[in-house]
Structures are given as structure tokens and as C-alpha cells.
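J.:
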Amino acid sequence: MRSFRLAFLACLSILSLSACASRPPEQVAAAKLAFAPEKPTPAADIMSFPGPRRGLAGRAIRVNHESDIVLARGEVALTFDDGPYPGRTSAILDTLDSYGVKATFFMVGSMASAHPGAARAVAARGHTIGTHSQDHRNLSSISFEAAMADIDQGRRNVMAATGSPARFFRFPYLASTPALRQQLASQGIVDVSPTVDSKDYFSSTPDQVRSRAISTLVRRGSGVVLFHDIHQRTVSMLPGFLDDLKARGFSVVRLVPGQDGSAPLVASATPASVPQ
Ligand SMILES: [Zn+2]
């Protein structure tokens, strides 16, 4: 029975999910191809689920590579894409503060330039800064040079607005290419993929987003959850979602860049050496 349960969980863990925002149908195939298969939660961790906790804040995970993000059962990482957005991002920051947890914000360069105050607040309140391209284009559908230029411009603008270096990156629509992933790795940039899609970009009610996210997490046992701080429904559902996590004994881990951000992660990247 136990082995069946573990096998079931392992099967669930390799399911792919939708991209991080509504997208045209022609981009769906590319995004599916680009999505990195998730590593199954180690069996030892599944069996040591600690049960209900008093607080929500969990450990910090130092990340030099996406493979460093190994979540034990009961651990959740929160990520918010596509912002910052005036009013909504700050409301999310207030909620996160009131629950004592930290998240990672994958900002779009043009949004950070347009709303530098909101971008600065995210960094000032201790959250991890990631980037999400300059203009949220499908980077797998344009040339390598144009895609890297877009990524670099996005990073520059987010860093200018936040005053913080940004070593984490997420591809818009999760649409990447091997060459882009290799180039990012060679520059020490970590591509962080979500494993639980809240689908808060659908026209759902806040309660539907909340229940979809929590039920997926309960089924999986852990995950990196994808939200968007540009949607009011996400602002509205977040307190209830965090209540749900707390009631079920989850902890919210914090993803932080590894110690040495200046050194390339892959000294001499070759296609064969680049993790997928
Ligand atoms: Zn996005």
C-alpha cells in the first residue's frame, strides 16, 4: 500500500502544467516542450512530513542551480510573476508580511521601469528578486540574439528599479530553448520553473484559485507555486490560501540566491552539460 502511494505521488510529480499567463494556442506546444520535468520528492522526506506547525515560515534554500530546489513534503515556495503592479503588489506584500513569509517575484523589465516604487518595495521588504524578460515575449519564437537582448534588458531594468541583483529568471510562458538555458547557466542565472500552477490568470473567482492551488499542493505534498501579482483575484485569495497552508501544516520556504553570485555556474557550458 505504501509503495503504491509513493508510486502514485511520483506519477503526479511528473505532470506538466500550463504556462504562467494566458497565451495564444500556438505557444502551448512550445511551452510544454520547454517545461522541465520535476524531480520526485525523495521518499524519505515523504515519510517524515512533520505535521501541523505553529508558524508558516520555513527554511531558506540557497539556490545556485534549479536542482538545489529540493522540497521536503510539506514545503511550499511562493512565486509571483509579471509585476510589479501598483496597489496589487503592495497588497500582496502586506499579506506576506502579516503571515511572516517571503516569496520570489519574477518582474517584467517594462513593469519595473513603469512602477519603480512598487519594485523597490518588494526588495526593501526582503523578498527575492527574479526577472521575467523585458516585454513578456515568447522567447522561444524569436532569434537567440533577440531573446538574450530582451532578457538582458529586463534584468538591467529590474536591477535599476529594485537596486538588487537578480540571479533568478523565469521564461515567459515557460517557453525556453536549450541554447537560451545554456547561455543563462553560463552567466550564473538560475531558471526557476514552477511546479504548481494556480491558474490565477483564468477568469476564476478568488475562491476557485485558492482551492485549485491548495488541492494541488495537498495532492503533491510540496511545490513551487505560480501566482501573478498583477491580478486582483490573487490579491483577494492570498490570505485564505495562506490560512489553508497553515491549517494543513505546510511551511513556506524562502528561495535565495547562492552565496557566490559573481561566479558562473557553468564554467564552460556545452549542450551536453546543460541540465534540462
Ligand atoms: Zn509571465
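Per the working numbering, the sequence shown runs over residues 877 to 1152.
Note that CB positions come from ideal geometry on N, CA and C, so glycine has one too.
Because the structure is a prediction, the values reported are computed rather than measured.
#1: Am I right that P960 and V998 are in contact with their C-beta atoms under 8 Å? What's the rounded C-beta distance?
#2: Please classify Q1010 as buried or exposed, where buried requires at least 16 other C-beta atoms within 10 Å of its C-beta.
#3: Flag R1096 as yes when its Cβ comes closer than 8 Å to any non-hydrogen atom of ligand 1, and as no otherwise.
#4: So, F956 versus T980, is the Cβ gap smaller than 9 Å?
#5: Within this structure, are the beta carbons of T1004 and V1132 separated by less than 9 Å?
#6: Assuming contact is defined by CB atoms lying nearer than 9 Å, are T1092 and F1103 in contact in what I supplied?
#7: For D1076, collect the residues of the same chain with a Cβ closer than 7 Å to its Cβ; drop the 5 residues on either side in sequence, then sort them by chain order.
#8: Would a C-beta distance cut-off of 9 Å place S1098 and A948 closer than the cut-off?
#9: Scan the region 1016 to 1044 and note each continuous alpha helix (DSSP H) run of 4 residues or more that stays entirely inside, going in chain order.
#10: Who pairs with D862 in a beta bridge, going by DSSP?
#11: Would you please state the rounded distance, in angstroms, between the beta carbons of V1129 and G934? I believe it to be under 8 Å.
#12: Using a Cβ-based criterion (distance less than 8 Å to any ligand heavy atom), does V984 qualify as near ligand 1?
#13: Would you say the beta carbon of P1179 comes nearer than 8 Å to a heavy atom of ligand 1?
#14: If we count the other Cβ atoms within 10 Å of its Cβ and call it buried at 16 or more, is T1071 buried or exposed?
#15: Which two residues bound the contiguous alpha helix (DSSP H) that contains T1004?
#16: In terms of residue numbering, what span does the beta strand (DSSP E) encompassing G993 cover?
#17: Beta carbon of A1061, beta carbon of N1033: below 9 Å?
#18: Could you tell me the distance, in whole angstroms, from the CA atom of G1125 to the CA atom of G950?
#19: Can you tell me whether R1130 is helix, strand or coil according to DSSP?
#20: Please report how far the alpha carbon of D1120 lies from the alpha carbon of S1112, in whole angstroms.
#21: Here's a check: name, in chain order, each residue in its chain whose Cβ is nearer than 7 Å to the Cβ of M1174, leaving out the five neighbours to either side.
#22: Would you kindly report the start and end of the unbroken alpha helix (DSSP H) that includes I1090?
#23: Are M1024 and Q1059 close, meaning C-beta to C-beta below 9 Å?
T.: Reading it off the structure:
#1: 6 Å
#2: buried
#3: no
#4: yes
#5: yes
#6: no
#7: V1085, F1103, H1104, H1107, R1109, T1110
#8: yes
#9: 1020 to 1038
#10: Absent from the model: residue 862. The displayed extent of the chain is 877 to 1152, so no value can be given.
#11: 4 Å
#12: yes
#13: Only positions 877 to 1152 of the chain appear in the structure, and residue 1179 is not among them; the question remains open.
#14: buried
#15: Note, T1004: premise wrong, no alpha helix (DSSP H); beta strand (DSSP E) at 1004 to 1007.
#16: No beta strand (DSSP E) holds G993; the alpha helix (DSSP H) holding it covers 992 to 1000.
#17: no
#18: 7 Å
#19: strand
#20: 14 Å
#21: With the chain covering only 877 through 1152, there is no way to say anything about residue 1174.
#22: 1082 to 1096
#23: yes
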